[in-house]
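The sequence shown begins at 1 in my numbering and counts up one residue at a time. Please read the structure below before turning to the comments.
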Amino acid sequence: QVQLVESGGGLVQAGGSLRLSCAASGRTFSSYGMGWFRQAPGKEREFVAAIVWSDGRTNYADSVKGRFTISRDNSMNLLYLQMNSLKADDTAVYYCTARQYLTSSTYWGQGTQVTVSS
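This is the structure in structure tokens:
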């Protein structure tokens, strides 16, 4: 069973930075894509960033390009989201996700709250 545990959320002022981490366990993730989604109050969950675990290719939502960086540590099964130049609109619960390419099985973490004060 895949387990994803996020950490690193918190309260930060606009313009500040945070780094989210996601500890992944229960599988070998070489055939997975990993990513981050977020959900603000009253809004749909939306895509933030993704990474191909095996080769590190990345993809970002337009709203975070140039400000957020997704990365992974293969040896430790850790996924990161470095968030810089944070804005009030980035306030949301951030979820780590893993998706197996062949079966499309998708797993979610419990989420971590990020609050950006303006």
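Note that the Cβ used here is the ideal one computed from N, Cα and C, for glycine as well.
{"Asked": "Kindly indicate which residue of Asp-89, Leu-20 and Ser-117 has the alpha-carbon position closest to the one of Val-5.", "Found": "Leu-20"}
{"Asked": "When the distance is taken between beta carbons, is Gly-66 closer than 8 Å to Ala-50?", "Found": "no"}
{"Asked": "Helix, strand or coil for Ala-40? Go by DSSP, reduced to three states.", "Found": "coil"}
{"Asked": "So, is the C-beta of Arg-27 closer than 8 Å to a C-beta in chain B?", "Found": "Given the protein chain composition of this structure (a single chain), no chain B is represented."}
{"Asked": "Based on Cα-Cα distance, which residue from Leu-11, Thr-28 and Thr-112 lies nearest to Arg-99?", "Found": "Thr-28"}
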